[in-house]
Each structure stands twice: as C-alpha cells, then as structure tokens.
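A.B. asks:
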Amino acid sequence: MIGKHRPGGGPAGVREVPNVDRGRYERTEHTADEAFRLSAGDLSGIFVAGARALLEVLTDPQKVEPRENRSIALAADDNESLLVAWLNELIYLFETQAMLFSEFEVNIRPGPNLEAVVRGEPRDPARHPVEAVVKAATFQDLAIRRAGDGWETKIVFDV
Amino acid sequence: MADKNRESVKLQRIDEWRLRIPAEDGMNAEGLVFADERLEEGLRKDGSLHQVANVARLPGIVGRSMAMPDIHQGYGFPIGGVAAFDVEDGVVSPGGVGYDINCGVRLMRTDLDLEDLGKDLDTLANGLANSIPSGVGSKRSDLKLSARELAKVLESGVEWAESRGYTDASDRERIESQGCLQGADAGKVSQRAMERGRNQLGTLGAGNHFVEVGVVDEVNDSRAADLLGLQKGGITVMVHTGSRGLGHQVCDDSLKRMPKTARRYGIELADRQLACAPVDSPEGRDYLAAMSAAANFAFVNRQLITYWVRETFMRVLELSPSDLKMNLIYDVAHNMAKLETHEFEGQKRRLCIHRKGATRAFAPGHPEIPGEYRAIGQPVLIPGDMGRYSHMLVGTVHAMAETFGSTCHGAGRLMSRSKARKSARGRSIARELGDRGILVRSASRATLAEEISEAYKDVDDVVRVVEGAGLCKRVVKLRPLAVIKG
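So the sequence lines, in the order shown, correspond to chains U and F. In this text, residue positions in the first sequence follow the numbering used here: the first is 1, and each later residue adds one. In this text, residue positions in the second sequence follow the numbering used here: the first is 1, and each later residue adds one.
In structure tokens:
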C-alpha cells in the first residue's frame, strides 16, 4: 500500500497511485511537548499522517514544495518502533541536510519493514520559518491499533 | 501495566512540603513528591504521579522515587524526577536523564550595575542576539570542527575549550564535575549523533533555552552572596542550554536498544519509556559513556556561549576584562545520571543518581564544591520564566540525607504549548515584556508565545517548597532585563 503521490506531477518512472489515504492528524494537549492523534484507513496512512504532523510542528506545510526525492528503508521490531524510527529519520534529514518533506509514499511490509519515497526541498529560511527544535519522536502514549475500519495512535514529539 | 496507569495514584500528605505515594502494586519503594497544598492541586493534571510510581517499580532503587515541586509529565521519568539505583544491582535509564542530556544553566556576575548599562542595554541585547547563534539552523561561521576535534570535545569537555582560549582562569573549577564527566567515550556516540552535533556546538537552540541579562533584585543571605560575588543591583548573565542534537540522538540511539536489553536481563517495565539496563552491564556502561560524552558537549556549549557573551559586553560597553569582571559563579546540570557515593541508612553506597529536570545541591563542606564556596554549600541556580525572576540558592546537609543532594530545576510548565500560543494570540509578547522593562530578542514569535509567564508555575512557589523542605537555601533573587531566545 502506497501513500499519496501528487497527481499530475513527480519524476518520470515513479508510479502514480491516486486517492490513497494520507491519514489525518489532530493536535492534542500536552504540558511540555507537541502531541497528536493520528488516524488512517490503512497502516501506511498512519506513517504518512505522522510525517505530516511532524512537518506541521516544523513549519507551514503548504510552503514546502515536493521538488526532490529521497528513498528511505527501515526495519524495526514492531510497528511503534518503526513509526518512531521513520519520524526520527525525517528529523535527522532536517537537522543535518536542512531537508523538509511534504509528500510521502509509504509501503509497510511484514517485519515490519518500511520503504518510502519522500518528496520535499531544502529549507529556505524566508519561506520556511522553523519555530521548534524537535528533539525526537517518542514512545509516549504510542500504541498503533485498529480502530473501526482503520488505524489510530497518539504520537508525542519532544520539543 | 496499562491498568496501573489508568488507576488514580494514592497520595498521602506527610507534612506541609511533602506527599507520599505508598509502595503498592509492585513498587519497590515509596514515592515522595515535594509539593505544598497550593501546588498539590495541579499534580493530577497529567500522568506525572504515575511516572513517579512506575520509577519505583524499577529494580535496585535505593531510597524513594522522588519528584521536585516543578514536576510535570516527561518521558518515562517525570520532569523533576530524582531516583537513585545501586550500581551493582540497580539500573540506568535514558528516560531518567532525558533527550537533552546535560541541559543545564550557569550564572555569571559582573562589576556592573544598572547605571553602567544605561542606554546601552538595547545595543547590548542586539549584540548578544547577533553573536550567539539561536534558533533553528543557526551557527557561528568561525567555529568549524572536524570529526576528530569534536571527539576531543566529547572526551575532554571544558578542558578542550580551555586549550583553545575560550575560558577564563577560574571557569573550569566552577562547573559541575569541572566541566568534564570522566569515562566519556566518543566511540560510543553514533555517527548520526556526531553529524547532528558537529554544526551545533556553540548554539543556543530554541524553546526554553536562553541567554538572560539580569540584575540582583533581592539579597536573602548576604554572607553567601558576598562569597559568590553578588550584590544588590549587580548585573548578571544566565545561560541555559544543553547538548543539542548530539544529546538528543544519543538518547534516541539508546532507547532503540534498551527495551530488548531490559527483556534480556529479565527487567519488567511498567512503562516502555523506562527502558533500562543494569548499571553494571556492557549496555549500561555504554550508555553512561555516551551520555557522558554528550554531557561534555553541553558543558562546552555553555562555555563557548559564555565566551561570546563576554566578548559582546566588552565590545558594546567598551570595557576591559578587569573592568567587566564577568566571572562564572557556577554551572549546573539538570538532566543527568551521575555515579556518586552517598550515605544511606548508615552505610556508604555507590549509586547511579538520575536527576531529570532536577539539580544537584551538595551540602557545605563537600569536596566537589569549589574551595571558595565550600563553606556555604554548592550554588544552585533555578531559572524562572522569561517574564519573572530566578533564584540562586545553595545546597544543604538535609538535601544530602533526604534527596541524595538534589533539588528542583526551574518553574515547571503548567500550560501546553498550543494553549500558550492561543493565549498569546493578538498580543505582542515582546511589547508586554518591554512595558515591564524587559527587552526580548527572539528568532521565533511562536517560541515567545509558548514561553509566556502564564505557561509556567511561579518559580517562587517552587522555591518556597524546596526551601521549606530544607533542600536548599535562597541567596539572591534575580530580575530579568534582557532575554535572548531561539
């Protein structure tokens, strides 16, 4: 299952997958950090939603253009560890390469393993004011579960 | 585990300053929360009391699972948490240190008063904002470190800064652990952590990190104040920051491994975030070696910022070092695990003390305190929020007996960042502070909004409790004049 790919755009050779769940995120209360409730129709959508929530913490998601691709491949012992590893990978790419990502194609396989193509651009301080130093995604309140027809979890970013 | 966290935590008042969490349900020790009735109201607003109880369920705990009055929910351990573990049969837990390893604070004094600053405060604030990298992505172009040089920083701490000319003569001895945790091993720090740290040495970061020019507003103990070089009306500078991305990554790296490690050693975790290893194990020693390296990075970070603060003051105010006399009083960590020897129930014990959002507060006479302060106790700096005051205190004999020489670290958050931003909407926080005589320079409007005073407990309430409980004694109260934030 693949996350959303921008219709009509993207580099040649990349498969377009229209109308796939990008997941939803909603901010929740937390005394010191940034917390979200993530929900999605499928498991990969949870990972997309988490990445979108991270971008929301960092800067205005609307201003990040999907100009460059990166591939990410990760493995972990369980879905929660995989989600934390995925989000921390994005944090690492931001801190060390100043890359911001706004579009995410995510494939979760049994293992669990993650393969993703992410699209974004280098941070431009004029267009991408970044207000928060995100230390890491954490395991606080993290429990990826089926909910109705879909999936949900909370995620807390230590800021 | 989940069931325990849903039940309400039992809380029994012991006296005016203390509450007990009885040892039940697998707890190996009682919980002890320092709070008066005013602060008690807020204790159940988040999961922090459950966290105190969960820490007490870890093996090898010595004494009680404690929480200071600035307590709020953290990662595994509460912020404001203090817990000691026997080095032979106890554990070390990265959640008991936090992501920002050796986030800490230091205070410098000067020979200046308000009149000396005069109309120059504005220019000084601008100068500090320009010379100290703050905010996301900022760095000094004149500080470029090779990987080998960074490794030296991690293993030598402030000794490295001294060899490069970034210190004054007495700085190193006025830093907790002389600015270098022994046993730091750069080889135990991942490549990823080194990459994150390399461009961030000498940067303030964001959030609640700051440089603050202040003035001594009130002297509570004139003898101690004299020994510390503080007088009413004297200008001071505080620096609050930590180990930046390097420390965050060291924590993340260890948290990836620790749950499996805990399982392998048969340690049952009430909370995954309390993932830990026996202190006396290869994994425990590896974490401590990496944590020490990150801690040394943070000590050097604060030292470099101090160097640029001194440089800026001298340049803007046209002063020589001997006119300015910007001396470091003390530098303390408030996110750390330290191996210390303490007396417990009549015996000397070697312990791994976790202080997470808590400060070491050693008693008068302790050999680790610089000679000139030893008679009064270890200086303890407790910053308040940016719109209010901060306190300098000293440690006590009672703290050694009750909390392994520990006390609180700050005001403690009350309000979430999103609520604070909502509350600040339509307001100019910079102007509000300016109306109260506080200049602020911030790279981020959102950060300012998140750091409004209403988002924090009143630090006076927190300090009243730790002083009332006998953990430390007030020396001076500081008022902010100019705050530089990320």
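From the three backbone atoms N, C-alpha and C, an ideal C-beta is built for every residue, glycine too. This one's a predicted model, so the numbers in the text were calculated from it and none came from an experiment.
(1) Using 8 Å as the threshold, is the C-beta distance between F:W17 and F:I132 below it?
(2) If you run the structure through DSSP and keep just helix, strand and coil, what is U:E68?
(3) Tell me whether the beta-carbon of F:H248 lies closer than 8 Å to the beta-carbon of U:A136.
(4) Reducing DSSP to helix, strand and coil, say where U:M1 ends up.
(5) Can you tell me which of U:D60, U:V48, U:A76 puts its alpha carbon nearest to the alpha carbon of U:P125?
(6) Restricting to runs no shorter than 4 residues, where is the alpha helix (DSSP H) found entirely within the region 77-161 of chain F?
(7) Please name the residue in F:G437, F:R257, F:C408, F:V300 whose C-alpha comes closest to that of F:D461.
(8) What does the alpha-carbon distance come out to for the pair F:R78 and F:V9?
(9) Do you know offhand how far U:L93's Cα is from F:D323's?
(10) Can you grab the Cα-Cα spacing for the pair F:V219 / F:L393, in whole Å?
(11) Report back the beta-carbon spacing between F:G137 and U:A98 to the nearest angstrom; my notes put them in contact at under 8 Å.
(12) Ignore the nearest five residues each way along the sequence and tell me which others in F:V476's own chain have a CB closer than 7 Å to its CB.
(13) Based on Cα-Cα distance, which residue from F:P364, F:E155, F:Y330 lies nearest to F:G377?
(14) Are at least three pairs of beta-carbons, each pair with one atom in the region 32-42 of chain U and one in the region 61-78 of chain U, less than 8 Å apart?
(15) Run through the DSSP bridge pairs and tell me what F:Y265 is partnered with.
(16) From F:Q73 to U:I155, what does the alpha carbon distance come to, in whole angstroms?
(17) Measure how close the beta-carbons of F:Q330 and F:R106 come, nearest whole angstrom, since I'm counting them as under 8 Å.
(18) On the criterion of 16 or more Cβ atoms from any shown chain inside 10 Å, does F:I452 qualify as buried, or is it exposed?
(19) With DSSP collapsed to three states, give me the class of U:N88.
(20) In angstroms, rounded to a whole number, what distance separates the CA positions of F:A443 and F:D25?
(21) At a Cβ threshold of 8 Å, is U:K160 touching chain F?
(22) Measure the C-alpha to C-alpha separation of U:E34 and F:G371 and round it to an integer number of angstroms.
(23) Any residues in the region 188-208 of chain F with a beta carbon nearer than 7 Å to a beta carbon of chain U? Which ones, in chain order?
(24) What residue from F:E432, F:T167, F:N296, F:E30 has the CA that sits closest to F:L304's CA?
(25) Note down the Cα distance separating F:G387 from U:E115, rounded to an integer number of angstroms.
(26) Tell me whether U:P18 sits in a helix, a strand or coil according to DSSP, three-state version.
(27) At least one CB of chain U closer than 8 Å to the CB of F:R272: is that the case?
(28) Since F:G395 sits in a beta bridge, which residues does DSSP pair it with?
(29) For the putative contact between F:R360 and F:G405, defined by C-beta atoms under 8 Å, what is the C-beta separation to the nearest angstrom?
(30) Between F:D70 and chain U, is there a C-beta pair that is closer than 8 Å?
(31) Is there at least one Cβ from chain F nearer than 8 Å to U:D158's Cβ?
(32) Hey, does F:S444 have any beta-carbon neighbour from chain U nearer than 8 Å?
(33) Roughly how many whole angstroms lie between the Cα atoms of F:R374 and F:L154?
(34) Going by beta carbon distance, what residues of the same chain come within less than 7 Å of U:A12, once the five residues before and after it are set aside?
(35) State the Cα-Cα distance for the pair F:F362 and F:K356, rounded to the nearest angstrom.
(36) Using a C-beta to C-beta distance shorter than 8 Å, which residues of chain U count as neighbours of F:I484?
C.D. replies: If we stick to the structure as given:
(1) Residue numbering aside, residue 17 of chain F sits at position 17 when the second sequence is read from its first letter. Residue numbering aside, residue 132 of chain F sits at position 132 when the second sequence is read from its first letter. The Cβ atoms of F:W17 and F:I132 do not sit closer than 8 Å to each other.
(2) As a position in the first sequence, residue 68 of chain U is number 68, starting the count at 1. Looking at U:E68 - three-state DSSP - the assignment turns out to be strand.
(3) The residue you call residue 248 of chain F lines up with position 248 of the second sequence. The residue you call residue 136 of chain U lines up with position 136 of the first sequence. Contact: yes.
(4) Here residue 1 of chain U is taken as the residue at index 1 of the first sequence, counted from 1. Low per-residue confidence applies at U:M1: pLDDT is 27, beneath 50, and the placement is therefore not dependable, though the value from the model is reported in the following sentence. In the structure shown, U:M1 adopts coil according to DSSP, grouped into three states.
(5) Within the first sequence, residue 125 of chain U is the residue found at index 125, counting from 1. When only C-alpha atoms are compared, the closest one is U:D60.
(6) 114-117, 121-131, 147-156
(7) Reading the second sequence from its first residue, position 461 is the one you call residue 461 of chain F. Taking only the C-alpha atoms, the option nearest F:D461 is F:C408.
(8) One-based indexing of the second sequence puts residue 78 of chain F at position 78. One-based indexing of the second sequence puts residue 9 of chain F at position 9. It should be pointed out that residue 78 of chain F corresponds to Pro in this sequence rather than to Arg. Answer to the nearest angstrom: the Cα atoms are 14 Å apart.
(9) Along the first sequence, one-based indexing puts residue 93 of chain U at 93. Along the second sequence, one-based indexing puts residue 323 of chain F at 323. Taking the straight line from one Cα to the other gives about 46 Å.
(10) Walking along the second sequence from the start, residue 219 of chain F turns up at place 219. Walking along the second sequence from the start, residue 393 of chain F turns up at place 393. The straight-line gap from Cα to Cα measures roughly 11 Å.
(11) Along the second sequence, read from residue 1 onward, the residue named residue 137 of chain F stands at position 137. Along the first sequence, read from residue 1 onward, the residue named residue 98 of chain U stands at position 98. F:G137 to U:A98, Cβ: 6 Å. Contact.
(12) Translated into positions along the second sequence, residue 476 of chain F becomes position 476. Within the same chain, F:V476 has close Cβ partners V216, E218, V219, N220, A225, L230, M392.
(13) The residue you call residue 377 of chain F lines up with position 377 of the second sequence. Minimum Cα distance to F:G377 is reached at F:P364.
(14) Touching, no, given that fewer than three Cβ pairs across the two stretches are closer than 8 Å.
(15) Taking the first residue of the second sequence as position 1, residue 265 of chain F is located at position 265. BP columns for F:Y265 are empty, so no partner.
(16) Numbered from its first residue, the second sequence carries residue 73 of chain F at position 73. Numbered from its first residue, the first sequence carries residue 155 of chain U at position 155. Their Cα atoms are separated by approximately 15 Å.
(17) As a first step, residue 330 of chain F must be located in the second sequence, where it is residue number 330. As a first step, residue 106 of chain F must be located in the second sequence, where it is residue number 106. For the record, residue 330 of chain F in the displayed sequence is Tyr; it is not Gln. Indeed, because the Cβ distance is near 7 Å, the residues count as touching under 8 Å.
(18) Along the second sequence, read from residue 1 onward, the residue named residue 452 of chain F stands at position 452. Looking at its Cβ environment, which holds 16 or more other Cβ atoms inside 10 Å, F:I452 is buried.
(19) As a position in the first sequence, residue 88 of chain U is number 88, starting the count at 1. Looking at U:N88 - three-state DSSP - the assignment turns out to be helix.
(20) As a first step, residue 443 of chain F must be located in the second sequence, where it is residue number 443. As a first step, residue 25 of chain F must be located in the second sequence, where it is residue number 25. The straight-line gap separating the alpha-carbon atoms of F:A443 and F:D25 is approximately 48 Å.
(21) Past the edges of chain U, shown from 1 to 159, lies residue 160 of chain U, and the structure says nothing about it.
(22) In the first sequence, residue 34 of chain U corresponds to position 34, counting from 1. In the second sequence, residue 371 of chain F corresponds to position 371, counting from 1. Cα to Cα, U:E34 sits roughly 43 Å from F:G371.
(23) Cβ contacts with chain U: R192, E195, R196, G205, A206, G207.
(24) Translated into the one-based positions of the second sequence, residue 304 of chain F becomes position 304. F:L304 has its Cα closest to that of F:T167, out of F:E432, F:T167, F:N296, F:E30.
(25) Numbered from its first residue, the second sequence carries residue 387 of chain F at position 387. Numbered from its first residue, the first sequence carries residue 115 of chain U at position 115. So the alpha carbons of these two residues sit roughly 47 Å apart.
(26) Looking up residue 18 of chain U in the first sequence gives position 18. Interpretation of U:P18 is limited by its pLDDT of 42, a score under 50 that renders its predicted location unreliable; no figure is taken from the coordinates.
(27) Residue mapping note: residue 272 of chain F aligns to position 272 of the second sequence, counting from 1. True, the Cβ-Cβ gap to chain U drops below 8 Å.
(28) Start at 1 with the first residue of the second sequence, and residue 395 of chain F comes out as number 395. Paired residues: F:C472.
(29) Sequence index remark: in the second sequence, residue 360 of chain F carries index 360 (1-based). Sequence index remark: in the second sequence, residue 405 of chain F carries index 405 (1-based). Contact holds; Cβ gap of about 6 Å.
(30) As a position in the second sequence, residue 70 of chain F is number 70, starting the count at 1. Answer no: the Cβ-Cβ gap between F:D70 and chain U never drops below 8 Å.
(31) Locating residue 158 of chain U in the first sequence gives position 158, where the first residue counts as 1. At a cut-off of 8 Å between beta carbons, U:D158 contacts chain F.
(32) In the second sequence, residue 444 of chain F corresponds to position 444, counting from 1. Chain U contact via Cβ: present.
(33) Along the second sequence, one-based indexing puts residue 374 of chain F at 374. Along the second sequence, one-based indexing puts residue 154 of chain F at 154. Cα to Cα, the separation comes out at about 28 Å.
(34) As a working mapping, residue 12 of chain U is identified with position 12 in the first sequence. With a pLDDT of 39 at U:A12, under the threshold of 50, the modelled position of this residue cannot be trusted; read the value that follows with caution. Hits under 7 Å: none found.
(35) The count along the second sequence starts at 1 and reaches residue 362 of chain F at position 362. The count along the second sequence starts at 1 and reaches residue 356 of chain F at position 356. Taking the straight line joining both Cα atoms gives about 16 Å.
(36) Working through the second sequence from its first residue, we reach residue 484 of chain F at position 484. By Cβ distance, chain U contributes nothing, its closest Cβ being about 15 Å from F:I484, past 8 Å.
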